[in-house]
Amino acid sequence: MLVRALAALRGAQFLLGLVVLPLRGLPERHTGIIVGGYALAAVSAAVMFTLGIRRRTLSPRWIAADVVLAVLYAVVVSRSYPPADAASIGNWVIPPLCGVVVTAAIYGGRYRIPAVAVVVASWVVGAWPALATPSGQELISNTTMMTVFAGVAGLTGSLLLHAAQDADSATARAVAAEHQAARAEERAEQALDFHDSVQVTLDVIAAGTYPAAKNQWLAQREADYLRVLTTSRKHGDRAELATALARMIRDHPAQELIGGGVETRIDVLPTAMGPEVVEAFVKGAREALNNAVKYARTDEICVTAAADGRGGARVAVIDQGIGFDPASRPPGLGTTYSIKRIVDLGGEVVIDSAPGEGTTVELTWTP
Numbered sequence: 001m002l003v004r005a006l007a008a009l010r011g012a013q014f015l016l017g018l019v020v021l022p023l024r025g026l027p028e029r030h031t032g033i034i035v036g037g038y039a040l041a042a043v044s045a046a047v048m049f050t051l052g053i054r055r056r057t058l059s060p061r062w063i064a065a066d067v068v069l070a071v072l073y074a075v076v077v078s079r080s081y082p083p084a085d086a087a088s089i090g091n092w093v094i095p096p097l098c099g100v101v102v103t104a105a106i107y108g109g110r111y112r113i114p115a116v117a118v119v120v121a122s123w124v125v126g127a128w129p130a131l132a133t134p135s136g137q138e139l140i141s142n143t144t145m146m147t148v149f150a151g152v153a154g155l156t157g158s159l160l161l162h163a164a165q166d167a168d169s170a171t172a173r174a175v176a177a178e179h180q181a182a183r184a185e186e187r188a189e190q191a192l193d194f195h196d197s198v199q200v201t202l203d204v205i206a207a208g209t210y211p212a213a214k215n216q217w218l219a220q221r222e223a224d225y226l227r228v229l230t231t232s233r234k235h236g237d238r239a240e241l242a243t244a245l246a247r248m249i250r251d252h253p254a255q256e257l258i259g260g261g262v263e264t265r266i267d268v269l270p271t272a273m274g275p276e277v278v279e280a281f282v283k284g285a286r287e288a289l290n291n292a293v294k295y296a297r298t299d300e301i302c303v304t305a306a307a308d309g310r311g312g313a314r315v316a317v318i319d320q321g322i323g324f325d326p327a328s329r330p331p332g333l334g335t336t337y338s339i340k341r342i343v344d345l346g347g348e349v350v351i352d353s354a355p356g357e358g359t360t361v362e363l364t365w366t367p
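Here's what the structure looks like:
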């Protein structure tokens, strides 16, 4: 915001010079120096402030370049005017020099005072011949104006910069607190998951209601689910797809209908997926799992999920069953809707199968 304000100020100052030059007229001598200096200074300021607005600050190198250029045109351009006009408003350098000292006073850091002093001194050197003319008083008044502007700007700018830094710090603390609250909420949700699912399973096993083989299967099912909850995360973020897939697989009837349960391999997955993408993946995988249970005639079923390296994911349901010829058996209603749901989001579904070679249903989506 401060950089934009300084850019607007400098633009208005150069615009004033553009108005004054034609009104007051140009001296017959050194016209090229006066006009060329104006063009060079205006272009340089435009470049500096354009970069400053993009980066939200003005670098010390640009401030130094701004000061050096100001020193040059303060002396060279001012000396190109007749002595009587050097310190008057007809000299276009006066307004931009005020802008230079204001900018240097705010962004000059520990060199702000020397920078302002050099610019003001250069202006005095350039316009000094005016002191012996009736406009000599303007040399003193303009010098005083530049100095006062720099002092007020330095104080005000320092206060504004400190306020901005305090605001940034407060924002950073708020973001950190929000992340901490999100992590606490996630831990609470995981604890609830544990209570509602894993704890119940442990209680059932402890009660000795089922035979050892059944207890082993129950324990393995919950172990797979916990492993997904604790490992399918990246940089502390929640992996909604991984969690949703794990819950679907854990609760699917296939866990009890096939001998060894469903094997699950879920890697770290992207977290920046919309809920509609997660839903499409989960419903598509559930439909593929339904078909594997109904038609594959096998106890070997595996669900895998992995990132594709481009912000998307790949989910596959693989069975080692009897397989089929996709060309001779059109997909059913559930499969058709599952495919459409993924495709409508820009994803893809590939069904790879052959008689006697099992079936793989692969769902992919990339943003």
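Under UniProt numbering, the first residue of the sequence shown carries the number 1, and numbering increases by one thereafter. Using N, Cα and C, we set each Cβ at its ideal position, and we do this for glycine too.
Got a sec? Which residues, its chain only, sit under 6 Å from G11 by beta carbon, not counting five neighbours each side?
Taken in chain order, the list of residues that qualify is empty.
Should P253 be labelled buried (16 or more other beta-carbon atoms within 10 Å of its own) or exposed?
exposed
Go ahead and pull the three-state DSSP assignment for R153.
A small fix is needed here, since residue 153 is Ala in this sequence, not Arg. DSSP places A153 in helix when its eight states are reduced to three.
So if DSSP puts S353 in a beta bridge, which residue, or which two residues, is it bridged to?
T359
Are the Cβ atoms of A87 and V116 separated by less than 8 Å?
no
Using the Cα positions of V343 and V349, report the straight-line distance between them to the nearest angstrom.
Approximately 7 Å, taken between the alpha carbons.
Between which two residues does the alpha helix (DSSP H) harbouring I94 extend?
I94 to Y107
Using three-state DSSP, classify R238 as helix, strand or coil.
Legend: pLDDT at R238 = 46, less than 50; position of this residue unreliable, value from coordinates given subsequently. Three-state result, R238: coil.
Is it a yes or a no for the stretch 52-63 touching the stretch 103-110, going by three-plus beta-carbon pairs under 8 Å?
With contact defined as three or more Cβ pairs closer than 8 Å, the stretch 52-63 and the stretch 103-110 are in contact.
Residue of L16, R54 and G37 minimising C-alpha distance to M1
R54
In the DSSP assignment, find the unbroken alpha helix (DSSP H) run with E287 in it and report its ends.
P275 to Y295
According to DSSP, is I63 part of a helix, a strand, or is it coil?
helix
Cβ atoms of V317 and A292: under 8 Å apart, would you say?
yes
Whole-number beta carbon distance between V277 and L245, since they are thought to touch under 8 Å
Going by Cβ atoms, the distance from L245 to V277 rounds to 12 Å, so no, they are not a contact pair.
Quick one: is S328 buried, meaning 16 or more other Cβ sit within 10 Å of its Cβ, or exposed?
exposed
Report the rounded CA-to-CA distance for Q13 versus G99, giving the unit in angstroms.
Using only the alpha carbons, I get a separation of about 7 Å.
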